[in-house]
Every structure is written in C-alpha cells, then in structure tokens.
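Using this note's numbering, you'd call the opening residue of the sequence shown number 2 and step up by one each time. Glycine residues also receive a C-beta, built at the ideal position from the N, C-alpha and C atoms. None of the values given here were measured: they were computed from a predicted structure. Below is one structure, written out as structure tokens; comments come after it.
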Amino acid sequence: MAVALIAAAACDSDSSTPSVNMPPVVNPPQASFDITVLNATNAQPLSPIAIIAHEAGYSVFSVGAAATGGFEEMAEGGDNTALIAEADADAAVILTASGAAPIGPAGSETIRIMLDEADRSGLHISVATMLVNTNDAFTALNGWPVDGMAVGDVMTVNAVAYDAGTEFDSET
Numbered sequence: 002m003a004v005a006l007i008a009a010a011a012c013d014s015d016s017s018t019p020s021v022n023m024p025p026v027v028n029p030p031q032a033s034f035d036i037t038v039l040n041a042t043n044a045q046p047l048s049p050i051a052i053i054a055h056e057a058g059y060s061v062f063s064v065g066a067a068a069t070g071g072f073e074e075m076a077e078g079g080d081n082t083a084l085i086a087e088a089d090a091d092a093a094v095i096l097t098a099s100g101a102a103p104i105g106p107a108g109s110e111t112i113r114i115m116l117d118e119a120d121r122s123g124l125h126i127s128v129a130t131m132l133v134n135t136n137d138a139f140t141a142l143n144g145w146p147v148d149g150m151a152v153g154d155v156m157t158v159n160a161v162a163y164d165a166g167t168e169f170d171s172e173t
C-alpha cells in the first residue's frame with residue numbers, strides 16, 4: 002500500500018507536493034551455473050531432468066536406502082514434480098529447476114541456474130532423471146561440489162545408472 006501511495010505522489014503534477022527520494026534497489030551479486038545434461042545412451046530417452054542446488058548436508062538419494070515418495074515417482078514414471086517439491090521443502094536446498102522435456106539419445110539440455118553469490122560457499126549440485134525404457138532405473142549426480150569453480154571453469158561428470166529398487170525388474 003505504501004508503494005502505491007508513493008508512486009501516485011511521484012506522478013502528481015502539483016508542484017507543492019514534496020518529492021520522495023527512494024534509495025536505489027541494490028541486488029546482491031549473482032552467480033550462474035550452466036548445467037548441461039547430454040544423453041550419451043543408445044536408444045534410451047531420459048525423463049525431464051531435476052536439478053537441485055543445495056548445501057552439503059542434502060542428498061537426493063542414498064544407495065541402499067528406500068527411495069522417498071517423490072524420488073519413486075521420478076524413477077518409475079519420469080515425473081520430477083514431487084521430487085522437486087520434496088527438495089524445495091528441505092532447508093538445505095537453495096533452489097531447484099526442472100528440464101522442459103525428455104532428452105532423446107544424443108540429445109542434450111542446458112539449464113542456467115542463478116543464485117546469490119553468498120550462496121556459493123559449500124554449494125553442491127544434484128541432478129536426477131529416469132531412464133525411460135525401464136521400470137525404475139535412473140541416473141543421477143548426487144551432491145557434486147561446485148563451490149570452488151571460477152568463472153569460465155567447466156566440469157564434466159559421467160553419471161552411472163542405478164536401480165531405484167521400487168519395483169520388480171521386468172526388463173528383458
């Protein structure tokens with residue numbers, strides 16, 4: 002309400018109305034990371050990717066542990082909506098992003114994430130996607146540290162495939 006009144010006063014042509022000088026808005030310095038997922042498989046589409054930027058204490062999955070409900074939905078059906086919602090609810094998560102569409106073999110998608118420079122300290126990136134032609138297999142990067150990267154640095158990581166263990170394996 003105060004902003005609307007100040008804006009209206011600034012537009013008033015009455016010269017007897019005092020002007021209000023607002024301090025300039027100073028945005029904190031930003032850091033950006035371009036995350037590219039390349040599908041290097043032979044005939045295996047990937048579901049839309051989930052990207053999670055977080056502090057060191059967060060883990061999108063743990064080998065040998067039961068999958069969360071959101072992770073199970075992503076691993077079985079390719080829908081990352083619940084996984085991203087679970088991540089957003091965690092205090093250690095700084096931001097999340099979702100890919101726009103499935104990534105076909107030899108295809109790729111790049112997503113730029115932007116965050117306050119102050120959030121770079123201890124920053125880790127996790128990425129997860131379903132191997133679509135399976136019942137619950139996924140590939141992921143779990144908590145990769147990126148806080149030491151400088152402008153222009155490039156890091157390449159080959160992710161491996163996992164079985165979520167949420168369904169009986171029926172692939173032949």
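Distance CB(THR97)-CB(ILE52) smaller than 8 Å: yes
Minimum Cβ-Cβ distance from TRP145 to chain C less than 8 Å: Checking the listed chains, one finds no chain C in this structure; it contains a single protein chain.
Where the alpha helix (DSSP H) through THR82 begins and ends: Note, THR82: alpha helix (DSSP H), 82-89.
Distance, GLU74 Cα to LEU84 Cα: 8 Å
Alpha-carbon spacing of VAL21 relative to SER33, whole angstroms: 35 Å
Distance between ALA151 and THR167 (C-alpha atoms, nearest Å): 39 Å
Reduced DSSP category for ASP137 - H, G, I as helix; E, B as strand; rest coil: coil
Buried or exposed (CB count within 10 angstroms, at least 16 for buried), ASN81: buried
For TYR59 and ALA93, believed in contact at Cβ under 8 Å, the rounded distance: 4 Å
Within 8 Å, strictly: CB atoms of ARG113 and ASP148: No, Cβ-Cβ distance for ARG113 and ASP148 is not below 8 Å.
Per-residue DSSP class, three states only, for ASP120: It is helical.
Euclidean distance between Cα positions of ALA3 and PRO29: The predicted model places ALA3 with a pLDDT of 32, which falls under 50 and marks its position as unreliable, so this point remains unresolved.
Closest Cα partner of VAL61 within the set MET156, ASN159 and GLY144: Closest option to VAL61, Cα to Cα, is GLY144.
Neighbourhood of THR111 by C-beta distance below 6 Å, restricted to the same chain and skipping five residues each side: So the list reads ASP35 and THR37, once near-sequence residues are dropped.
Beta-carbon proximity check, SER48 vs GLY79, cutoff 8 Å: yes
Pairwise C-alpha distance: ALA44 and ASN212: Beyond the ends of the chain as shown, which are 2 and 173, falls residue 212; an answer cannot be given.
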